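S.K.: Sequential numbering from 0 applies to the sequence shown in numbering that gives the first Met the number 0.
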Amino acid sequence: MVVTSTAVRPDNPEVVEAHRRNIPVIPRAEMLAELLKMKFSIAVSGSHGKTTTTSMIATMLAHGGVDPTMVIGGKLASIGSNARLGGGDVVVAEADESDGSFLKLHPVISVITNIDREHLDHYLDIEDIKQAFLQFANGVPFYGATVLCLDDPHVKEILPDVKRRTLTYGLSRPADYRAERISFSGGSSRFSVYFRDNLLGSVTLKVPGLFNVYNALAAVAVGAELDLPFTAIREGLKRFTGVQRRLEVKGVAHGVTVVDDYGHHPTEIRETLAAARQVWKNRLIVVFQPHRYTRTRALFREFTTAFPNADVLILTDIYAASEDPIPGVSSRALAGAIRETGQTDVTYLADFDAIVDHLIRIAKPSDVILTQGAGSVWKIGTEFLERTRDEEERPE
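1. Can you check whether the CB of Val-146 is closer than 8 Å to the CB of Ala-220?
2. Closest to Leu-384 by C-alpha separation, out of Val-248, Gly-138, Lys-36 and Ile-313, would be which residue?
3. Got a sec? Which residues, its chain only, sit under 6 Å from Trp-377 by beta carbon, not counting five neighbours each side?
4. Give the secondary structure of Pro-449 by DSSP, where H, G and I count as helix, E and B as strand, and everything else as coil.
5. I need the straight-line Cα distance from Val-7 to Asp-150, nearest angstrom please.
6. Based on the DSSP output, what are the partners of Tyr-193 in its beta bridges?
7. Ordered along the chain, which non-local residues of its own chain (more than five positions away) have a Cβ less than 6 Å from that of Ser-321?
8. Among the candidates Glu-270, Gly-208 and Pro-106, whose CA atom is the shortest distance from the CA of Phe-183?
9. Can you tell me where the alpha helix (DSSP H) holding Phe-287 begins and where it ends?
10. Going by other Cβ atoms of all chains shown within 10 Å of its Cβ, with 16 needed for buried, is Asn-113 buried or exposed?
11. Does the count of Cβ pairs from the region 99-110 and the region 17-33 closer than 8 Å reach three?
12. Any chance you could list the beta strand (DSSP E) runs of at least 3 consecutive residues sitting entirely within the region 209-266, in chain order?
13. For Thr-346, does the three-state DSSP call read helix, strand or coil?
14. For Val-110, does the count of other Cβ atoms within 10 angstroms reach 16, so buried, or fall short, so exposed?
15. Counting only runs of 3+ residues fully inside the region 93-181, write out the beta strand (DSSP E) ranges in chain order.
16. In its own chain, which residues sit with a C-beta less than 6 Å from the C-beta of Gly-45, not counting the 5 before and 5 after it?
17. May I ask you to report which of helix, strand or coil DSSP gives Thr-53?
18. So, helix, strand or coil for Phe-299, using DSSP?
19. Can you tell me the Cβ-Cβ gap for Asp-115 and His-264, rounded? I've got them flagged as a contact below 8 Å.
20. In whole angstroms, give me the CA-to-CA distance for Arg-177 and Arg-195.
21. Go through its chain and collect everything with a Cβ distance to Asn-244's Cβ below 8 Å, but skip five positions before and after it.
22. If you reduce the DSSP assignment to three classes, tell me which class Thr-340 lands in.
23. If I measure Cβ to Cβ from Phe-239 and keep anything under 6 Å in the same chain, skipping five residues before and after, which residues do I get?
24. Are three or more beta carbon pairs between the region 302-314 and the region 330-342 nearer than 8 Å?
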């Protein structure tokens with residue numbers, strides 16, 4: 000059989016050939032739903048952070064002796080893959096809400112990290128999105144549980160209508176699982192975890208950012224629900240080293256650090272750049288490739304204020320992701336709108352080679368170049384490293 004994601008068009012050559020040969024073509028969500036029926040299942044949803052949260056849970060369970068099967072939306076750095084068939088009776092999977100197909104999933108434990116205005120090519124508005132997540136939360140069996148972030152306003156709004164047992168997490172009461180005494184040092188995070196009024200202990204993460212504290216709290220709640228000792232939860236989270244394309248350091252050349260991040264929604268971009276500031280105090284050069292015309296149009300105003308932590312901002316053309324262009328929606332227009340907010344060092348360049356040339360001209364030792372977006376923008380960082388390293392090795 001052939002399993003397809005929502006990003007695969009019906010005219011894809013492999014799909015066409017499968018139909019010609021009468022080979023079943025199965026949507027990813029349908030296949031995932033069948034897999035979740037075979038084991039004790041955990042599914043992580045949310046507008047942002049679900050890949051990292053799923054990865055944290057999978058790493059925690061693996062080091063806790065559970066040996067889970069994992070199906071993740073990004074490559075887990077420690078294993079270099081997004082999937083693994085485990086020998087245990089637990090499966091942890093990422094639940095994709097982009098087209099509503101996550102409603103086919105009925106895990107024993109569901110997680111909702113947050114709810115935001117996203118995928119407005121499928122949903123009517125934020126109320127429509129909230130109702131989808133509510134349906135997902137109520138889709139767990141009567142003996143299951145839903146883990147929710149109490150600090151997210153939209154999650155908090157649906158909480159009274161969740162009919163299943165709930166576990167909440169956040170930074171303050173009345174969240175069931177709380178993080179207090181949070182501190183950041185370089186690329187690490189440390190915080191104390193409380194379950195209601197009881198101190199469980201401290202957690203150290205090898206990844207930066209407040210959003211990762213939230214992600215880890217969700218993992219703590221899941222681990223506790225599976226009766227993992229807190230010592231195993233803490234050790235598993237300490238061993239988590241990140242997900243590829245999530246604030247991933249790609250290399251250093253001429254003293255310039257190149258970092259890549261998948262975030263493509265204004266909320267994700269703001270949080271990523273804030274985390275980058277925690278790690279690197281020097282000049283931050285951001286190269287952003289918007290993802291999809293529909294998203295750029297729907298969130299245009301939010302994008303104009305998403306880059307306050309960028310010292311230098313370079314925009315390249317929108318990554319279409321199978322969409323047709325929308326008249327008037329362009330990176331050039333977005334660059335102009337960002338300049339109107341008062342951010343001055345904003346450049347639009349369509350050609351990747353021209354961007355690399357520009358970066359080579361302006362980047363100085365100790366600068367950080369961050370390629371930002373879900374499309375092909377990562378290639379710019381790779382090309383910059385290759386060209387600058389070639390210059391370093393070139394004989395005089």
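C-beta: ideal position from N, C-alpha, C; glycine also. Fair warning: this is a prediction, and the values are worked out from it, not measured in the lab.
M.R.: If we stick to the structure as given:
1. yes
2. Val-248
3. Asp-259 and Thr-370
4. Beyond the ends of the chain as shown, which are 0 and 395, falls residue 449; an answer cannot be given.
5. 35 Å
6. Arg-177 and Leu-198
7. Arg-8
8. Gly-208
9. Unbroken run through Phe-287 is the beta strand (DSSP E), 283-287; no alpha helix (DSSP H).
10. buried
11. yes
12. 247-252 and 255-260
13. strand
14. buried
15. 108-111, 144-148 and 164-169
16. Ile-111, Thr-112 and Asn-113
17. helix
18. helix
19. 7 Å
20. 7 Å
21. Here residue 244 is Arg; the residue named in the question, Asn, does not match the sequence. Gly-73, Lys-74, Asp-259, Asp-260, Tyr-261 and Trp-377, listed in sequence order.
22. coil
23. Met-55 and Thr-58
24. yes
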